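Trainee: Line order of the protein sequences matches chains A and B.
Using my numbering, the first residue of the first sequence is number 532, and each one after it goes up by one.
Using my numbering, the first residue of the second sequence is number 532, and each one after it goes up by one.
Beta carbons: idealized from backbone N, C-alpha and C, even for Gly.
Fair warning: this is a prediction, and the values are worked out from it, not measured in the lab.
Number of protein chains: 2
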Amino acid sequence: MSRTDDKLAAVRAAMTEQGAELVALGPGAHMHWVLGWHPHPDERLTLLAIGRDSAHFIVPSVNAEQAGANAGLPLITWRDEDGPEEALRTLAQKVGNVTQLVLDETMRTDFSLPLIRTFDRAEPVFADGLIGALRMIKDETELAALRSSAAVADRAMEAGFSAIRPGLTESQVAQAMRDSFAEEGAAVAFTLCASGPNGAFPHHATGDRVLEEGDAIVFDIGAGFGGYPSDITRMAAVGSLPEGYQEVHDVVERAWQAAAAAARPGVRAHEVDDAARKVITDAGYGEYFVHRTGHGLGLEVHEPPYLTSSSQTVLQEGMVFSIEPGIYIPGRFGIRLEDIVIMGAEGVEVLSSLPRAVRLAGDGA
Amino acid sequence: MSRTDDKLAAVRAAMTEQGAELVALGPGAHMHWVLGWHPHPDERLTLLAIGRDSAHFIVPSVNAEQAGANAGLPLITWRDEDGPEEALRTLAQKVGNVTQLVLDETMRTDFSLPLIRTFDRAEPVFADGLIGALRMIKDETELAALRSSAAVADRAMEAGFSAIRPGLTESQVAQAMRDSFAEEGAAVAFTLCASGPNGAFPHHATGDRVLEEGDAIVFDIGAGFGGYPSDITRMAAVGSLPEGYQEVHDVVERAWQAAAAAARPGVRAHEVDDAARKVITDAGYGEYFVHRTGHGLGLEVHEPPYLTSSSQTVLQEGMVFSIEPGIYIPGRFGIRLEDIVIMGAEGVEVLSSLPRAVRLAGDGA
């Protein structure tokens, strides 16, 4: 059975269970998960339509050749001059009665409304509960790709550490990480460099601030490699640590460890968040931990499961997510330690091989 | 009147004309055109809601501060724990009766379906006919930004010409253009380098082909600068022209000139396409001109008006579009000449200052 056949079988089992006769996915991550490919999205109706015992790819005729080669499914094509309505009618004839239509929730509205009108007796529901749930459990190929991507990010992080010098700007240091990613053929997604007080903003925009002796620096970087993203956060300091830094770093590290220890198959996602939050709150920094403990990572850099204070998602073997507690002290510094982990039967496997200790850098060595 | 007030007034005039009481835009180009800003899109409901005499920004509370600073409009916020339904009910109370709801056609379906359910007595129509039509006419600020962006692209093109050497790969030459864009702070969108027979594929993926003496080369490049894109195509040749090249280049240049001469306010877009196509067809190359003559350019690199063989769009002063006829001869070479032009009262203004003549390059000079 091919990879796509495998995924289609999993989708159909879930469709049967929830009573859906048709799943319609636009060019995006859900489609990519099923086909291992998706076309560049544009304004022309392009759909993967999965029925209980059929699958079709609806595509504008100008893209038919590419779609045929990549999707490996029967095509329903339409021409710019005619518009896509007839293609949707053809689909309706092929799939028969539809009482529940599962729609890609990320799909453009000018794709979904014609679908809803064509299947006007079907209840529309979103694919995040069906495809999204399946996507949370990674297969071995995906895990291997995520490990490779993490290794590329480790080397970019090292390039960032090596670039640190007093007098350089955040942007200049970030460029070294971008260059490292690019040299390995990775598609840079983000290279955050937040120095000194800027570190206290979790989503600081890397800019022209000049690095000074004694600055703490947050590096939060990620890139696509082999179709899968990376996402890692480490701390550095320019020459020496700011006053009071190490104590706070130790709290964040203990929060990380507590979260990792709490993560077990069968545990609810909020219990991992609870564990990290308790360490930080008990240490007196609760008000400075302003975000969730983690997010899933797969075809997308943010996807389920989300490790929030309210998530009831049950962790399972094969899930992949970040553990990234942080403490952000306005005017002084911010500290976040982020690792991507794979949920194994006995506990988490950390993808990065870099220690989470703060790296003293910038001495020109 | 602020820029946003100006845009809101234009939107409301169009709403009155077509009988719409509410326009709902997601984080994308339509929103950007109205506000001069849009937040990074994610899965959480974020909307600009324009009524006949109100405007609100619906936003998750975690992003409220950023939205308040940038949108300059009353906010309706919602919290992750509660979901966005109450925010939509609040909106409904504020705007009153809605018989026609204008939806951003690019909006995620999990944004639009809750809107349609909230305004369940309204007819949903798409914003491309309303905001899209307004966006076609650029204001002076936009024209200035497009001119600056084009100048950055001209310099990247020169960098590409200078990089040409027999023995380098397409990718290596493209890198010189990427570096030029990056040095000026432009966000590279595409740097196509198609050499020799690869030029015959209009959307060739720049790769490892090694440049040889006598190759024709297509450069098609663009980058975002000051929020506005560039898009230009020029031809070069390595050392000497391939046999029969100049004759075909002259045909494409005459097609470009004919299209430019046909472009006048009041003319339909297809007449410009017709003019270019006639020159190429009369010269015997009609079957090798496989695409439309041009596309609009503004906040997006492809947007209305489209210069196709069937477009009835009437050209107006202030529109901006490409004129880019091409002839692609399989196994030999492809020639495309693309300039972005502003439709003026008397004719087109070309943004690039680079001649469209083929550039002989690669002699190491």
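Can you tell me whether DSSP reads B/R620 as helix, strand or coil?
Mentor: Position 89 of the second sequence, counting from 1, holds the residue named residue 620 of chain B. Helix at B/R620.
Trainee: Using a Cβ cut-off of 9 angstroms, pull out every chain A residue sitting near B/T637, in sequence order please.
Mentor: On the second sequence, position 106 is the one that residue 637 of chain B refers to. By Cβ distance, chain A contributes E574, R639, T640, D641.
Trainee: Output needed for A/D805: all residues of its chain with C-beta closer than 8 angstroms, excluding positions within five of it in sequence on either side, in chain order.
Mentor: Sequence index remark: in the first sequence, residue 805 of chain A carries index 274 (1-based). Closer than 8 angstroms at the Cβ level, and outside the excluded window around A/D805, lie A793, S840.
Trainee: Just the Cα atoms here: how many angstroms apart are B/T608 and A/D670?
Mentor: Against the second sequence, residue 608 of chain B aligns to sequence position 77. Against the first sequence, residue 670 of chain A aligns to sequence position 139. In a straight line, the C-alpha of B/T608 is about 39 angstroms away from that of A/D670.
Trainee: Quick one: list the residues of chain A neighbouring B/P655, beta-carbon separation under 9 angstroms, in chain order.
Mentor: Reading the second sequence from its first residue, position 124 is the one you call residue 655 of chain B. Within chain A, the residues near B/P655 are T640, L644.
Trainee: Buried or exposed: which applies to B/V783, given that a residue is buried once 16 or more other Cβ atoms fall within 10 Å of its Cβ?
Mentor: Residue numbering aside, residue 783 of chain B sits at position 252 when the second sequence is read from its first letter. It is buried - the Cβ of B/V783 has at least 16 other Cβ atoms within 10 Å.
Trainee: At the level of alpha carbons, what is the spacing between B/H826 and B/L838?
Mentor: Along the second sequence, read from residue 1 onward, the residue named residue 826 of chain B stands at position 295. Along the second sequence, read from residue 1 onward, the residue named residue 838 of chain B stands at position 307. Roughly 6 angstroms between the two C-alpha positions.
Trainee: Going by beta-carbon coordinates alone, are A/R583 and A/E552 separated by less than 8 angstroms?
Mentor: Position 52 of the first sequence, counting from 1, holds the residue named residue 583 of chain A. Position 21 of the first sequence, counting from 1, holds the residue named residue 552 of chain A. The answer is yes: Cβ separation under 8 angstroms.
Trainee: If you draw a straight line from the alpha carbon of A/G878 to that of A/V810, how long is it in whole angstroms?
Mentor: Along the first sequence, one-based indexing puts residue 878 of chain A at 347. Along the first sequence, one-based indexing puts residue 810 of chain A at 279. Spanning the two alpha carbons is a distance of roughly 20 angstroms.
Trainee: Go ahead and label A/D611 buried or exposed: buried means 16 or more other beta carbons lie within 10 angstroms of its beta carbon, across all protein chains shown.
Mentor: Your numbering for residue 611 of chain A matches position 80 in the first sequence. The residue in question, A/D611, is exposed, as its Cβ has fewer than 16 Cβ neighbours within 10 Å.
Trainee: Mapping DSSP to helix, strand and coil, what is A/H563?
Mentor: Residue 563 of chain A sits at position 32 when you count from the first residue of the first sequence. DSSP places A/H563 in helix when its eight states are reduced to three.
Trainee: Looking at C-beta atoms only, is the number of pairs between the stretch 671 to 680 of chain B and the stretch 584 to 598 of chain B that lie closer than 8 angstroms three or more?
Mentor: Flag = no, the stretch 671 to 680 of chain B and the stretch 584 to 598 of chain B do not touch.
Trainee: Tell me, which residues are paired with A/R867 by DSSP?
Mentor: Here residue 867 of chain A refers to the residue found at position 336 when the first sequence is read from its first residue. DSSP, once it has assigned bridges, lists A/G857 as partnering A/R867.
Trainee: Identify which residue in A/G716, A/E834, A/M546, A/M562 has its Cα closest to the Cα of A/T535.
Mentor: Taking the first residue of the first sequence as 1, we reach residue 535 of chain A at position 4. Of A/G716, A/E834, A/M546, A/M562, the residue nearest in Cα terms is A/M562.
Trainee: With a cut-off of 8 angstroms, do at least 3 Cβ pairs link the stretch 859 to 869 of chain A to the stretch 762 to 782 of chain A?
Mentor: Counting Cβ pairs under 8 angstroms, three or more are found: they touch.
Trainee: By Cβ distance below 6 angstroms, which residues in the same chain neighbour A/A717 in space, the five residues on each side in sequence not counted?
Mentor: Here residue 717 of chain A corresponds to residue number 186 of the first sequence, with the count starting at 1. Cβ neighbours of A/A717 beyond the five flanking positions: V683, A754, F756.
Trainee: Beta carbon of B/G893, beta carbon of B/G770: below 8 angstroms?
Mentor: Mapped onto the second sequence, residue 893 of chain B falls at position 362. Mapped onto the second sequence, residue 770 of chain B falls at position 239. Contact flag set, yes.
Trainee: Return the chain-ordered ranges of every beta strand (DSSP E) run that is complete within the stretch 645 to 710 of chain B and spans a minimum of 3 residues.
Mentor: The qualifying runs are 654 to 657.
Trainee: Would you check whether the ligand SAH has a heavy atom nearer than 7 angstroms to the C-beta of A/G797?
Mentor: Questions concerning the ligand SAH fall outside what the structure shown contains, since it holds no ligand whatsoever.
Trainee: Starting from B/W609, trace the beta strand (DSSP E) both ways and give me its first and last residue.
Mentor: Taking the second sequence and counting its residues from 1, one reaches residue 609 of chain B at position 78. Note, B/W609: beta strand (DSSP E), 606 to 609.
Trainee: Near A/P615, which residues of its chain fall below 6 angstroms by C-beta distance, leaving aside the five closest residues on each side in sequence?
Mentor: Stepping through the first sequence from its first residue, residue 615 of chain A is reached at position 84. Excluding residues within five positions, the ones whose Cβ falls inside 6 angstroms are L576, W609.
Trainee: Determine whether the beta carbon atoms of A/Q624 and A/A653 lie at a separation below 8 angstroms.
Mentor: Numbered from 1 along the first sequence, position 93 holds the residue referred to as residue 624 of chain A. Numbered from 1 along the first sequence, position 122 holds the residue referred to as residue 653 of chain A. No, these two residues do not count as a Cβ contact at 8 angstroms.
Trainee: Below 7 angstroms on C-beta distance, what does B/L634 contact in chain A?
Mentor: Your numbering for residue 634 of chain B matches position 103 in the second sequence. Chain A residues near B/L634: T640.
Trainee: Going by beta carbon distance, what residues of the same chain come within less than 6 angstroms of A/I662, once the five residues before and after it are set aside?
Mentor: In the first sequence, residue 662 of chain A corresponds to position 131, counting from 1. Correct list, in chain order: H561.
Trainee: In angstroms, rounded to a whole number, what distance separates the CA positions of B/F588 and B/V554?
Mentor: For the purposes of this step, residue 588 of chain B is taken as the residue at position 57 of the second sequence. For the purposes of this step, residue 554 of chain B is taken as the residue at position 23 of the second sequence. One C-alpha to the other measures close to 12 angstroms.
Trainee: Let me check understanding here. Comparing Cα to Cα, which of B/A675, B/S853, B/G857, B/V542 lies closest to B/P733?
Mentor: Sequence index remark: in the second sequence, residue 733 of chain B carries index 202 (1-based). Looking at the Cα atoms, B/G857 is the closest of the given residues.
Trainee: Just verifying my parser: in three-state terms, what is the DSSP assignment at A/H587?
Mentor: Indexing the first sequence from 1 puts residue 587 of chain A at position 56. A/H587 falls in the strand class under three-state DSSP.
Trainee: Considering just the uninterrupted stretch of the alpha helix (DSSP H) at B/T547, what are its terminal residues?
Mentor: Against the second sequence, residue 547 of chain B aligns to sequence position 16. Counting along the chain, the alpha helix (DSSP H) containing B/T547 begins and ends at 534 to 549.
Trainee: By the DSSP assignment, the alpha helix (DSSP H) with A/E778 in it spans what residues?
Mentor: For this step, residue 778 of chain A is matched to residue 247 along the first sequence. From DSSP, the alpha helix (DSSP H) with A/E778 extends over 776 to 793.
Trainee: Which class does B/G829 belong to by DSSP, given the choice of helix, strand or coil?
Mentor: Taking the first residue of the second sequence as position 1, residue 829 of chain B is located at position 298. The answer is coil: DSSP assigns B/G829 none of H, G, I, E or B.
Trainee: Would you say B/Q549 reaches chain A, if we count a Cβ-Cβ gap shorter than 8 angstroms as a contact?
Mentor: Reading the second sequence from its first residue, position 18 is the one you call residue 549 of chain B. Not one chain A Cβ lies under 8 angstroms of B/Q549.
Trainee: Would you please state the rounded distance, in angstroms, between the beta carbons of A/E818 and A/R666? I believe it to be under 8 angstroms.
Mentor: For this step, residue 818 of chain A is matched to residue 287 along the first sequence. For this step, residue 666 of chain A is matched to residue 135 along the first sequence. Not really, about 34 angstroms apart at Cβ, beyond 8 angstroms.
Trainee: Quick one, are the C-beta atoms of B/A658 and B/L772 less than 8 angstroms apart?
Mentor: The residue given as residue 658 of chain B occupies position 127 in the second sequence. The residue given as residue 772 of chain B occupies position 241 in the second sequence. No, Cβ-Cβ distance for B/A658 and B/L772 is not below 8 angstroms.
Trainee: What residue range is occupied by the uninterrupted alpha helix (DSSP H) comprising A/T812?
Mentor: For this step, residue 812 of chain A is matched to residue 281 along the first sequence. 800 to 813 is the span of the alpha helix (DSSP H), which, as asked, contains A/T812.
Trainee: If I follow the unbroken alpha helix (DSSP H) through B/A595, where does it start and stop?
Mentor: Here residue 595 of chain B corresponds to residue number 64 of the second sequence, with the count starting at 1. First-last of the alpha helix (DSSP H) with B/A595: 595 to 602.
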